[in-house]
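Before any comments, here is the structure.
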Amino acid sequence: MAHPFEAHHILNLCAPCDSIRPPNVSGKRPASSFSQNGNSNSRNGEAPIPVCPNSSLAAGGSGVPTCVGKDNKKVSWGRSSDVGKRSGMEDSLAIVPGFMSLSCKQVGGCTAPECTYAAEDSPVHFFGLYDGHGGPQVSCYCARMLHEMVAEEWERGGGDEWSKWWEVALRRAYGRADDALKDRALAPYSVGSTSLVVVVSPCQIIAANCGDSRAVLCRGTQAIPLTVDHKLDRQDELARIEEAGGQILYWQGPRVEGVLSMTRAIEPEVTFTTRSDEDECLILASDGLWDVLSNEQVVKVARNSLREERRKALLNDSSLPPAHSAADSLLCCALAEYSDDNISIIVVDLKSRKRRHQYRH
């Protein structure tokens, strides 16, 4: 049977990544995330997701839990990146379809009466976006290693409830990565990275964030932020830095020690969002996008692009995967707004119904 990590797509957009040789990580590997016949669609950029009921009430208000994904049994994705006005690319991405295989009760549970999947294993998918600063070394290391650390820490366990279990696993994994990067052979002291991780299961969307990269869910016509930027306009973050002895200096705006505009680089904030039939897509992006476009603008562009490409696909008039078209459209909008930073975008299509090639090198 295939190794559970064999089919991952790690997109180290910065050339120096090949020089990084991270230490071996230990721990029990999760069960294989592939289907029973050993095949996976992940190399085509799709990750099949079995039907899994939602624990939320039906949209019609009947009080009867309904199946999320009854008509949307898989997710697909696209990505787009550009160096922008910077001299080099410091972003890295990790897309790991089926990085774990878990039962629904281990990722939020199912309560629908017709549910037959609560005890069955389903693939859980990992999307990571890392925006480096001072160099690409840390973002590249995270793209190579963090998903494996998360899986290993989940196997170790921690917490009585499923949500606490995930929160503990994510915090431990972030801590392990930080400890490993204290080795200056991996990265100089002045180099760091944001870390935005989104885990998609049939029932839940789990987001962990450090820094100012952001994940936003398009639900119907709504833009629902799954993360909150760690920046100095947050009073709680400002107080935390000052209590820890940090200084806020002003250089082109407030910055930690006069250097970083973001306020956090290791301990993640973790959120849990129950999936809904109205969920259209997820957008993960570095601040090169969010600095020039609002959440609402991003969701509108992504939704319109997805729907237009789906319409063309029905007419056999499109060879471009909808999720990739949406990512490209967002990139073009950011460049048109004169974004001056590296821009990296992942769009996860939560309503994909057709097996299409969703990934492009």
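For the sequence shown, the residue numbers in the numbering used here are 1 to 361. By construction, the Cβ of each residue, glycine as well, lies at the ideal position given by its N, Cα and C atoms.
Between the alpha carbons of Ala151 and Asp121 lies a distance of about 15 angstroms. By the criterion of a C-beta distance shorter than 7 angstroms, Leu181 is surrounded in its chain by Val138, Tyr141, Ala187, once the five residues flanking it on both sides are discounted. Apart from the 5 residues on each side of it in sequence, Val299 sits with its Cβ closer than 6 angstroms to the Cβ of Cys218, Ala223 in its chain, given in chain order.
Nearest to Met145 by alpha-carbon distance, out of Asp349, Leu314, Ala94, Ala169, is Ala94.
In chain order, Gly134 place their CB closer than 7 angstroms to the CB of Ser190, counting only its own chain and leaving out the 5 sequence neighbours on each side.
In the three-state reduction of the DSSP assignment, Glu90 falls in the coil class.
DSSP places Asn304 in the uninterrupted alpha helix (DSSP H) bounded by 295 to 314.
Shown here, Tyr130 sits in a strand according to DSSP, grouped into three states. The beta carbon of Leu350 sits closer than 7 angstroms to those of Asn72, Val75, Asp279, Glu280, Cys281, Leu282, all from its chain and outside the five residues before and after it, given in chain order.
Within the same chain, Cβ atoms closer than 6 angstroms to the Cβ of Ala207 are found at Val198, Ala215, Leu226, Thr227, Thr271, the five residues on either side in sequence being excluded.
Residue nearest to Gly211 within the set Pro202, Ser193, Thr221, Glu90 is Ser193 (criterion: CA-CA distance).
DSSP places Ser344 within a strand segment (E or B) once states are collapsed to three. According to the DSSP assignment, Val168 belongs to no beta strand (DSSP E) but to the alpha helix (DSSP H) extending over 162 to 180. By DSSP's assignment, Gln222 forms a beta bridge with Arg219. Contact between Asp341 and Gly288 holds: their C-beta atoms lie close to 4 angstroms from each other, under 8 angstroms. Cβ atoms of Val96 and Met89 stay farther apart than 8 angstroms, at about 21 angstroms.
Per the C-alpha coordinates, the member of Val347, Arg311, Ser318 positioned closest to Asp328 is Val347. Looking from the CA of Gly98, the closest CA among Cys333, Gly132, Val124 belongs to Val124. For Val150, the enclosing alpha helix (DSSP H) stretches over residues 137 to 156.
Judged by DSSP in its simplified three-state form, Gly108 adopts coil rather than helix or strand. One thing to note: Leu170 has its Cβ no nearer than 9 angstroms to the Cβ of Leu284. When rounded, the separation of the alpha-carbon atoms in Ser276 and Arg310 is 20 angstroms. Closest by C-alpha distance to Val168, out of Glu267, Leu335, Gln297, is Glu267.
It is roughly 28 angstroms from the alpha-carbon of Arg172 to the alpha-carbon of Trp290. Here DSSP, grouped into helix, strand and coil, assigns His230 to coil.
Residue pairing by DSSP places Thr273 opposite Ile205 in a beta bridge. The C-beta separation of Leu293 from Cys333 comes to about 6 angstroms, placing the pair in contact by the 8 angstroms criterion. Nearest neighbour of Trp77 by Cα position, chosen from Pro322, Gln106, Asp183, turns out to be Pro322.
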